[in-house]
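A.B. asks: Under this note's numbering, think of the first position of the sequence shown as 6, with each following residue one higher. Even glycine gets a Cβ: it sits at the ideal position worked out from N, Cα and C.
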Amino acid sequence: MTVSSAVEPPTAADSQQLAGTDSTSNKGVEFWLVFLGLCFAGFVAATDSTIIFTALPTIANDFGGQSQYIWLENAYVFASTAIQPLYGQVSNIIGRRYPMIMSVALFALGSGIAGGANSTAMFISGRLVQGLGAGGMVMLIDLIVCDLLPLRERSTYLGTVLGACAVGSVVGPVIGGAIVTRSTWRWAFWINLPVCALTLAVMVPFLRISSRRSPSWVHSVSRIDYLGNTLFVGSITSILIGLVQGGVVYPWKSWQTILPIVLGFVGWAGFFVQQGFCNEPTMPLRLFSHRTTATVYLQDFVVSVLLQWCIYILPLFFQSQLSASALTSGLNILPINAFMIPSGAVAGAILTKTGRYKPLHWAGFGVLAISCGLFSAMSSSTSTIAWAWFEILAGVGIGLPLTTQLPAIQAVLSEPDTAISTSTYSFVRSFGFVWGATIPSIVFNSRVDAMLGSITDTKVRAALAGGGAYSYALSVKDLTEQTLQQTLEVYREAMRVVWFVGLAFALVGFLLVFAEKHVEMRVTLETEFGLKQAKPAEKQITNKSKEVA
């Protein structure tokens with residue numbers, strides 16, 4: 006069977022090979038057990054990605070690895086971001102079952118290694134293995150949901166998985182703080198093991214998903230795009246090295262920061278050239294050949310940037326302007342997650358009911374733009390009720406597009422492109438998270454450096470210069486009155502500019518929605534990778550995506 010292009014509907018031969026089922030036919034006990042396992046996997050991956058925030062200072066202190074702090078923190082991000090497209094291609098070749106089980110097992114193995122580490126190198130190795138597992142888990146969760154459900158229903162269930170992930174993200178720092186306070190930091194990683202065991206206990210017996218038959222494992226392995234994946238992983242790793250070192254290890258203007266970023270983007274350009282000539286590409290160019298898929302992928306990047314933007318900058322506001330502790334500032338961003346989850350679920354339900362995603366995207370980015378504008382006006386006199394409402398708006402604005410973008414992408418593409426479109430979507434989202442911390446950091450530090458002349462205390466100026474303002478936020482409350490007011494004004498003005506730039510991103514997302522075309526969403530399940538049934542459905546697919554003006 007040939008893979009259809011992004012702008013062409015599946016051929017008749019394709020349709021005959023894709024089993025069509027009613028949306029309710031696969032929702033037996035096995036479906037719900039598998040879905041529960043996916044929620045477990047999403048929860049543990051999200052928890053682990055944030056539990057490190059409160060445990061990392063203790064870990065670095067135990068290992069005496071302050072000089073390697075950046076790698077202790079980011080090894081996981083490197084691995085989980087770069088590996089996702091490879092998982093997408095492999096799962097398209099051999100099916101979803103074994104990559105999913107392997108990714109959970111890798112995550113558990115990495116958790117054990119990191120928890121038992123007796124050196125910095127061993128800990129970083131464990132985090133790399135964890136990241137390789139987490140990257141597969143995050144991508145395959147979305148992909149398996151797509152395999153189990155018709156296109157029009159997917160957003161509802163993706164919203165449920167998002168809820169599990171959001172809960173994990175919220176409780177992660179709290180659990181991490183409690184563990185390092187009452188026990189050893191090692192339990193921040195060992196605590197993953199029982200959840201992984203529970204996930205595998207569900208996945209191994211019940212994740213029985215159909216797959217394409219191949220003459221042999223040798224034939225399957227030979228289909229992997231080795232050159233493309235090597236170019237992609239190398240390029241993304243180079244970009245990430247530059248981004249995480251910039252402003253921390255080396256200045257942003259230094260060659261040590263600029264060179265890896267430039268080399269990464271050059272390598273990335275080479276990757277896309279290679280994809281145009283590859284027989285089975287990792288990230289086919291047809292994914293971006295339709296204006297709807299191209300613009301929604303860009304929207305995915307923008308909303309991911311803004312989500313991380315809020316998580317990165319808001320604690321800085323609470324610590325510097327409201328004298329909040331690190332724990333309190335973490336708790337103060339709960340309204341975003343608390344309203345992102347239900348708004349994502351509501352958006353999914355609306356999409357399932359109406360089949361229309363453009364209004365949801367417009368509403369989401371519109372509300373996000375409003376929230377960024379309101380954030381820019383915050384100061385030390387902003388009331389709790391005010392900033393909580395601003396966060397609620399941000400949570401709603403993020404939630405509305407977050408669960409409806411992947412179905413919008415897949416409405417245009419043919420069903421055989423589900424795996425590669427999902428892996429690309431997951432990668433873009435993860436890549437957006439990295440930039441969501443990098444861009445506001447650059448803007449904030451640049452603005453602080455430009456305003457240091459307004460602070461009379463030379464010691465404070467030195468502490469804030471060159472990227473030191475973020476870590477100094479907790480010490481602002483201890484300054485004398487005159488210096489305090491001067492420093493508060495510098496922080497307030499710098500964050501105001503940061504939110505103006507965030508507003509520009511939100512407006513770009515809003516404008517991108519105009520380029521979308523509405524596409525009717527399939528209401529029957531077309532897949533070669535659904536749950537194996539005792540009596541396979543005989544009904545053939547007749548309902549296909551149809552573009553309307």
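Less than 8 angstroms separating the beta-carbons of Q304 and Q410?
C.D. replies: Residue 304 sits at position 299 when you count from the first residue of the sequence shown. Residue 410 sits at position 405 when you count from the first residue of the sequence shown. Contact: yes.
A.B. asks: Taking only the alpha-carbon atoms, compute the straight-line gap between N197 and C315 and give it to the nearest angstrom.
C.D. replies: Against the sequence shown, residue 197 aligns to sequence position 192. Against the sequence shown, residue 315 aligns to sequence position 310. Each residue's Cα considered, the two are about 27 angstroms apart.
A.B. asks: When the Cα of A60 is compared with those of A193, R187, W76, which residue comes out closest?
C.D. replies: Sequence index remark: in the sequence shown, residue 60 carries index 55 (1-based). Of A193, R187, W76, the residue nearest in Cα terms is A193.
A.B. asks: Would the stretch 319 to 334 and the stretch 479 to 499 be scored as touching if the rule is three or more Cβ pairs under 8 angstroms?
C.D. replies: Yes, since at least three Cβ pairs between the stretch 319 to 334 and the stretch 479 to 499 fall closer than 8 angstroms, the two stretches touch.
A.B. asks: Taking 8 angstroms as the threshold, find out whether the stretch 141 to 156 comes into contact with the stretch 415 to 435 through three or more Cβ pairs.
C.D. replies: Verdict: yes, contact present.
A.B. asks: Take the Cβ of E486 as the centre, count every other Cβ of all protein chains shown within 10 Å, and call the residue buried at 16 or more, exposed below.
C.D. replies: As a first step, residue 486 must be located in the sequence shown, where it is residue number 481. That one is exposed.
A.B. asks: Leaving out five residues on either side along the sequence, give the residues of the same chain with a beta carbon under 7 angstroms from the beta carbon of A46.
C.D. replies: Here the question's residue 46 lines up with position 41 in the sequence shown. So the qualifying residues of the chain are V109, M142, I146, T204.
A.B. asks: With distances taken between CB atoms, is the gap from I75 to Q250 smaller than 8 angstroms?
C.D. replies: The count along the sequence shown starts at 1 and reaches residue 75 at position 70. The count along the sequence shown starts at 1 and reaches residue 250 at position 245. Against a cut-off of 8 angstroms, the Cβ pair of Q250 and I75 comes out as a contact.
A.B. asks: Flag this pair as yes or no: are the beta carbons of N337 and G400 separated by less than 8 angstroms?
C.D. replies: Here the question's residue 337 lines up with position 332 in the sequence shown. Here the question's residue 400 lines up with position 395 in the sequence shown. For N337 and G400, no; Cβs fall outside 8 angstroms.
A.B. asks: Spatial neighbours of Y255 within its chain, please: CB distance less than 6 angstroms, with the 5 preceding and 5 following residues excluded, ordered by chain position.
C.D. replies: Sequence index remark: in the sequence shown, residue 255 carries index 250 (1-based). Once the five neighbours on either side are set aside, the close Cβ partners of Y255 are Q261, T262.
A.B. asks: Rounded to whole angstroms, what is the Cα-Cα separation between V506 and G121?
C.D. replies: For this step, residue 506 is matched to residue 501 along the sequence shown. For this step, residue 121 is matched to residue 116 along the sequence shown. Roughly 42 angstroms between the two C-alpha positions.
A.B. asks: Between which two residues does the alpha helix (DSSP H) holding I316 run?
C.D. replies: Within the sequence shown, numbered from 1, the residue matching residue 316 stands at position 311. Segment 296 to 326, the alpha helix (DSSP H) holding I316.
A.B. asks: Buried or exposed: G140, going by 16 or more other Cβ atoms within 10 Å of its Cβ?
C.D. replies: Counting from one through the sequence shown, the residue named residue 140 turns up at place 135. Answer is buried; the Cβ neighbour count reaches 16.
A.B. asks: Give the straight-line distance between the Cα atoms of E494 and R501, rounded to the nearest whole angstrom.
C.D. replies: Taking the first residue of the sequence shown as position 1, residue 494 is located at position 489. Taking the first residue of the sequence shown as position 1, residue 501 is located at position 496. Approximately 10 angstroms between the Cα atoms of the pair.
A.B. asks: Counting C-beta neighbours from all protein chains within 10 Å, is the total for L292 16 or more, i.e. buried, or is it exposed?
C.D. replies: Mapped onto the sequence shown, residue 292 falls at position 287. Buried, by the Cβ-count rule.
A.B. asks: Can Y302 and T429 be called in contact, C-beta distance under 8 angstroms?
C.D. replies: For this step, residue 302 is matched to residue 297 along the sequence shown. For this step, residue 429 is matched to residue 424 along the sequence shown. Yes, the Cβ-Cβ distance between Y302 and T429 is below 8 angstroms.
A.B. asks: Taking the alpha-carbon of F449 as reference, which of E498, L405, Q490, S431 has the nearest alpha-carbon?
C.D. replies: Residue mapping note: residue 449 aligns to position 444 of the sequence shown, counting from 1. The candidate whose alpha carbon is nearest that of F449 is E498.
A.B. asks: Among the candidates G441, T492, V465, F277, whose CA atom is the shortest distance from the CA of S384?
C.D. replies: One-based indexing of the sequence shown puts residue 384 at position 379. Cα-wise, what sits closest to S384 is T492.
A.B. asks: Under the assumption that K363 contacts E521 (Cβ atoms under 8 angstroms), give the Cβ distance between them as a whole number of angstroms.
C.D. replies: In the sequence shown, counting from the first residue as 1, residue 363 sits at position 358. In the sequence shown, counting from the first residue as 1, residue 521 sits at position 516. Correct: roughly 5 angstroms between the Cβ atoms.
A.B. asks: Counting Cβ pairs closer than 8 angstroms, one from the stretch 173 to 184 and one from the stretch 49 to 63, do we hit at least three?
C.D. replies: These segments touch.
A.B. asks: Who are the near neighbours of S243 in its chain, counting only those whose CB is closer than 7 angstroms to its CB and skipping five residues on each side?
C.D. replies: Position 238 of the sequence shown, counting from 1, holds the residue named residue 243. For S243, where only same-chain residues beyond five positions count, the Cβ hits under 7 angstroms are P265, L268, G269, G272.
A.B. asks: Near S124, what residues of its chain come up, given a Cβ to Cβ distance below 8 angstroms and the 5 sequence neighbours on each side ignored?
C.D. replies: One-based indexing of the sequence shown puts residue 124 at position 119. Correct list, in chain order: F68.
A.B. asks: In angstroms with no decimal places, state the Cα-to-Cα distance between P340 and W392.
C.D. replies: By one-based count along the sequence shown, residue 340 stands at place 335. By one-based count along the sequence shown, residue 392 stands at place 387. One C-alpha to the other measures close to 10 angstroms.
A.B. asks: If you reduce the DSSP assignment to three classes, tell me which class G100 lands in.
C.D. replies: Walking along the sequence shown from the start, residue 100 turns up at place 95. If DSSP states are grouped into helix, strand and coil, G100 belongs with coil.
A.B. asks: A350: buried (16+ other C-beta within 10 angstroms of its C-beta) or exposed?
C.D. replies: Looking up residue 350 in the sequence shown gives position 345. Buried: at least 16 other Cβ atoms inside 10 Å.
A.B. asks: Assign Y92 to one of three DSSP states: helix, strand, or coil.
C.D. replies: Working through the sequence shown from its first residue, we reach residue 92 at position 87. Y92 falls in the helix class under three-state DSSP.
A.B. asks: At 4 residues or longer, what runs of the alpha helix (DSSP H) sit wholly inside the stretch 134 to 217?
C.D. replies: With a minimum length of 4 residues, the continuous alpha helix (DSSP H) runs that stay inside the stretch 134 to 217 are 156 to 187, 192 to 195, 197 to 211.
A.B. asks: When you measure from the CB of N450 to every non-hydrogen atom of the ligand NAP, does any distance come out below 7 angstroms?
C.D. replies: As far as ligands go, the structure on display features none, and thus does not contain the ligand NAP.
A.B. asks: Quick check on the burial criterion: 16 or more other C-beta atoms within 10 angstroms. Buried or exposed for R187?
C.D. replies: Here residue 187 corresponds to residue number 182 of the sequence shown, with the count starting at 1. Exposed, because fewer than 16 other Cβ atoms sit within 10 Å of the Cβ of R187.
A.B. asks: To the nearest angstrom, report how far apart P286 and Q94 are at their CA atoms.
C.D. replies: Within the sequence shown, the letter at position 281 stands for residue 286. Within the sequence shown, the letter at position 89 stands for residue 94. Taking the straight line from one Cα to the other gives about 8 angstroms.
A.B. asks: Please determine, among A331, G404, G275, P289, the residue with the shortest C-alpha to C-alpha distance to L311.
C.D. replies: Here the question's residue 311 lines up with position 306 in the sequence shown. With distances taken between Cα atoms, L311 lies closest to G404.
A.B. asks: Looking at the secondary structure, which residues open and close the alpha helix (DSSP H) in which F277 lies?
C.D. replies: Taking the sequence shown and counting its residues from 1, one reaches residue 277 at position 272. Where F277 is concerned, the enclosing alpha helix (DSSP H) stretches over 260 to 280.
A.B. asks: For F5, which residues from the same chain have a beta carbon less than 8 angstroms from its beta carbon, with the 5 sequence-adjacent residues on both sides left out?
C.D. replies: There is no way to answer for residue 5, as the model of the chain reaches only from 6 to 554.
A.B. asks: Which word fits N97, buried or exposed, when buried means at least 16 other C-beta atoms lie within 10 angstroms of its C-beta?
C.D. replies: In the sequence shown, the residue the question calls residue 97 occupies position 92. Buried.
A.B. asks: Using CA atoms only, rank isn't needed, just tell me which of W440, L489, I444 is closest to S459.
C.D. replies: Here residue 459 corresponds to residue number 454 of the sequence shown, with the count starting at 1. The residue with the shortest Cα to Cα distance from S459 is L489.
A.B. asks: Quick one: is T29 buried, meaning 16 or more other Cβ sit within 10 Å of its Cβ, or exposed?
C.D. replies: Stepping through the sequence shown from its first residue, residue 29 is reached at position 24. Annotation note: pLDDT 43 at T29 (below 50); position unreliable, no value reported.
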